[in-house]
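**Q** Residue numbers (my numbering): 997 to 1421. Just dropping this structure here.
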């Protein structure tokens, strides 16, 4: 007996995305005297007992759910697009912790703001993506080509996602996919575009991750800063906010889980840096930004945004004093101490834990976990006589040269079986 069809074809044949048959809705048979239906619409009721329960599937464990919308918001110039390129690389290589780990899967990459040949392609190449598994999406219409538009193209897009087994639809930015006739600042209007997208994701099991910009407001709540209607964050099941940590001497940024309807919210924040790397093309070398996650961060995006909004519990002078004390105390301890010992000593000096955590990066202190059972060590890595590292700013890396502040001398070698970066029109 042949296996049941999957994806949208399976749905049309009466099967759920996992191949099991759908239970038909049960009509109550109760109709108004005026006729069996109004405007061609009939109410159908299904007992909850006939709906199969299943656990949440994660494209990125506990951070990005499969079959749902995730939004990644942040200000300009902090590596949002590089984050999406990193995520794409992880999925096409099968290295992202989650349901597809060990199994490379295709990605559809919808991007309209940057050049594919000069920016997006090189960015994906530098991130380590399998370019044979990354698909640019265009729409053929009346003999020409158009950009993907929501909600008009959701059904056709869903068919292609099912046909290829796509694990991720990457939208850079999400706003660019919305039909120009939809007012993205009106909640009801925006939902007419986002809800069909979410329904398509649910049917196919594909994760949808879209980038969004912060507005110019000051708030510690990342959800309140997303440009446009509140529907962007309301419809999304997860939001991963990113922000630059100006207190970090290395110019690093932080990503934090700002919303997680389907999983835990108290996930550790992650710290990343952006560096410039050189990649080969058939017209000479090109330089492009590459994102590298360096580990967990004690400071969250909420902490960083709160400082900018004046919502922090301690002022800058208190944080500076705490950083100076922490440097001196760790120096006396030989450069490192357990977290418990640091907090105990700080309390004895009247320094609040919140203040100390914010002072840690300014003091040049990093954390590591060692031993069994594991314990957290605070280690002093920057002396007072050392100059602060020059931050590397994300840049488009249009081929030719790279700004001095971004030059690292690193070269990304061609991927196996590939001698040059393919060109896209």
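Backbone N, C-alpha and C fix where the C-beta goes; we use that ideal spot for every residue, glycine too. Note that the coordinates shown come from a computational prediction; the quantities given were computed from them, not determined experimentally.
Tell me residue 1365's beta-bridge partners as DSSP assigns them.
**A** DSSP output for residue 1365 lists 1372 as bridge partner(s).
**Q** Under the three-state reduction of DSSP, which class applies to residue 1184: helix, strand or coil?
**A** Looking at residue 1184 - three-state DSSP - the assignment turns out to be helix.
**Q** Quick check: the Cα distance between residue 1197 and residue 1051, rounded to an integer number of angstroms?
**A** Each residue's Cα considered, the two are about 16 Å apart.
**Q** Where do the ends of the alpha helix (DSSP H) carrying residue 1337 lie?
**A** 1335-1344 is the extent of the alpha helix (DSSP H) around residue 1337.
**Q** Is residue 1329 helix, strand or coil when you go by DSSP?
**A** Correct three-state label for residue 1329: coil.
**Q** Quick one: Cα of residue 1209 to Cα of residue 1076, how far?
**A** Spanning the two alpha carbons is a distance of roughly 9 Å.
**Q** Reducing DSSP to helix, strand and coil, say where residue 1047 ends up.
**A** Here residue 1047 sits in coil by DSSP.
**Q** Alpha carbon to alpha carbon, what distance is there between residue 1329 and residue 1297?
**A** Approximately 30 Å, taken between the alpha carbons.
**Q** Under the DSSP definition of a beta bridge, which residues are partnered with residue 1137?
**A** BP columns for residue 1137 point to 1140.
**Q** Report yes or no: do the stretch 1315-1328 and the stretch 1342-1358 share at least 3 C-beta pairs separated by less than 8 Å?
**A** Yes, the stretch 1315-1328 is in contact with the stretch 1342-1358.
**Q** Is residue 1283 buried or exposed, if buried means 16 or more other CB atoms sit within 10 Å of its CB?
**A** Buried.
**Q** Any chance the stretch 1117-1127 sits against the stretch 1136-1153, with 3 or more Cβ pairs inside 8 Å?
**A** No, because fewer than three Cβ pairs between the stretch 1117-1127 and the stretch 1136-1153 fall closer than 8 Å, the two stretches do not touch.
**Q** Can you tell me the Cβ-Cβ gap for residue 1232 and residue 1065, rounded? I've got them flagged as a contact below 8 Å.
**A** Indeed, because the Cβ distance is near 5 Å, the residues count as touching under 8 Å.
**Q** Given residue 1090, which residues of its chain have a CB within under 8 Å of its CB, disregarding the five upstream and five downstream residues?
**A** Only 1096, 1097, 1098, 1099, 1100, 1101 meet the Cβ criterion.
**Q** So, helix, strand or coil for residue 1207, using DSSP?
**A** Strand.
**Q** What's the call for residue 1049, buried or exposed, on a 16-neighbour Cβ count within 10 Å?
**A** Exposed, since its Cβ has fewer than 16 Cβ neighbours within 10 Å.
**Q** Just the Cα atoms here: how many angstroms apart are residue 1217 and residue 1121?
**A** One C-alpha to the other measures close to 34 Å.
**Q** Quick check: what's the CA-CA separation for residue 1199 versus residue 1070?
**A** Straight-line Cα distance between these residues: approximately 29 Å.
**Q** Roughly how far, in whole angstroms, is the beta-carbon of residue 1108 from the beta-carbon of residue 1172, given that I think they are within contact range, below 8 Å?
**A** That pair is a contact at about 5 Å.
**Q** Excluding the 5 residues preceding and the 5 following residue 1186 in the sequence, name in chain order all residues of the same chain whose CB lies nearer than 6 Å to its CB.
**A** Excluding positions up to five away in sequence, the list reads 1180, 1225, 1227.
**Q** In chain order, which beta strand (DSSP E) runs of at least 3 residues are fully inside the stretch 1209-1246?
**A** Runs of the beta strand (DSSP E) inside the stretch 1209-1246: 1234-1240.
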